[in-house]
Ligand SMILES: C[S@@+](CC[C@H](N)C(=O)[O-])C[C@H]1O[C@@H](n2cnc3c(N)ncnc32)[C@H](O)[C@@H]1O
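Numbering (the working numbering), first residue to last: 101 to 438.
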């Protein structure tokens, strides 16, 4: 079958209208229309009737989903999900449902709208858009959005865990502490691979309070100690392996040094620290990390970094950079010791 070529003009228009795609996907997911196609193909008008939505608009939205490749119109007004579309279902093992919703939630959407403000002034967009000093204060004040943020972090983690387990032996660590570990998806998945190990889940009070469901679903609740607090003040001491996954990119260099100093103070001699981030290429090269770097600039005032910038941060906190482990996906692991 011939592959459809798109012209340079169409490519530019696709980029320029990229938010149409975000909105089509997230609306179809929010309104549970794709879930309605999970078991078998369905008629758009029937789905509209079941939910009480406007029939013609549902047909048009699902056609938009078909144009994006997540559904197919198999007869007039009748739609089936494609393999891509299945990734948007809640019970898919690698579901990205929550992530797709989160990316158009007001916190992200309104902050990205202020990208221009950041580029002109250097001030983080979220401060202008959301009126808060620290974006995590915004999430603490928006329970539904925060729940989706935590779930979407967890769903992105699921894809990453398998790669990490293949690249790195975690079974040799008796106590594994995940610092800023969210709902414990990452820690829990690692403990599943290390049945003799115990875990410490450390995050803000409002976040660890919601972690039990995830930890029980992973079957590790009885091996995890949940500790609430701020990593700017202290970090639980005495673990053999410390994890900082997608933490440092949320913060400025100065704030990262503070977090790393707290981690260093908690680490006993011989303990290991693993940092997971998308590292920027050195010298600069095409990489998805460049767009994630912008997301951090907008959403948190943080940044992605190169391996040498990471090394600099680690040594500023008295930690020793050991190596970078490249994983197959866009994320890398930086290993350091106390
Ligand atoms: C980008 S999320 C990463 C979550 C998780 N490590 C992952 O990779 O899925 C950042 C995490 O840092 C937590 N966090 C933010 N400020 C914190 C603080 N001062 N002390 C501890 N955790 C904090 C947030 O609640 C959130 O769970």
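Built from N, CA and C at the ideal position, the CB exists for glycine as well.
In this text, all values refer to a predicted model and were calculated from it rather than measured experimentally.
Considering only residues of the same chain and omitting the five flanking positions on each side of residue i, which have a CB-CB separation below 6 Å?
i           : result
residue 370 : none
residue 242 : none
residue 233 : none
residue 146 : none
Thinking C-beta only, is residue j closer than 8 Å to residue i?
i           : j           : result
residue 194 : residue 259 : yes
residue 349 : residue 403 : yes
residue 304 : residue 236 : yes
residue 290 : residue 276 : yes
residue 410 : residue 434 : yes
residue 313 : residue 427 : no
residue 120 : residue 398 : no
residue 296 : residue 271 : yes
residue 405 : residue 361 : no
residue 414 : residue 436 : yes
residue 343 : residue 374 : yes
residue 201 : residue 117 : no
residue 245 : residue 205 : yes
residue 168 : residue 137 : no
residue 210 : residue 230 : yes
Check each candidate in the options and name the one with the smallest Cα separation from residue i.
i           : options            : result
residue 359 : 416, 309, 328      : 416
residue 340 : 355, 334, 330, 364 : 364
residue 338 : 132, 368, 317      : 368
residue 327 : 427, 320, 306      : 306
residue 247 : 233, 309, 221      : 309
residue 188 : 176, 122, 293, 319 : 122
residue 425 : 379, 222, 125, 141 : 379
residue 261 : 240, 292, 273      : 292
residue 170 : 176, 196, 155      : 196
residue 321 : 130, 154, 128, 298 : 298
residue 274 : 130, 419, 372, 311 : 372
Please classify residue i as buried or exposed, where buried requires at least 16 other C-beta atoms within 10 Å of its C-beta.
i           : result
residue 106 : exposed
residue 199 : buried
residue 220 : exposed
residue 207 : buried
residue 283 : buried
residue 252 : buried
residue 160 : exposed
residue 323 : buried
residue 386 : exposed
residue 239 : buried
Leaving out the 5 sequence neighbours to the left and right, which residues in its chain are closer than 8 Å to residue i when beta-carbon positions are compared?
i           : result
residue 102 : Unreliable placement is indicated for residue 102, whose pLDDT of 48 sits below 50; the coordinate value is still reported in the next sentence. Same-chain partners within the cutoff: there are none.
residue 111 : none
residue 109 : none
residue 166 : 172, 173, 179
DSSP on residue i, reduced to helix/strand/coil?
i           : result
residue 201 : helix
residue 404 : coil
residue 239 : helix
residue 340 : coil
residue 173 : strand
residue 353 : helix
residue 251 : helix
residue 107 : coil
residue 181 : strand
residue 102 : Per-residue confidence for residue 102 stands at a pLDDT of 48, beneath the threshold of 50, marking its modelled position as unreliable; the derived number appears in the next sentence. Of the three classes helix, strand and coil, the one that applies to residue 102 here is coil, per DSSP.
residue 436 : strand
residue 316 : helix
Quick one: residues in its chain with C-beta nearer than 7 Å to the C-beta of residue i, no 5 flanking neighbours on either side, listed in chain order?
i           : result
residue 186 : 192
residue 141 : 174, 178, 179, 180
residue 393 : 380, 403, 404
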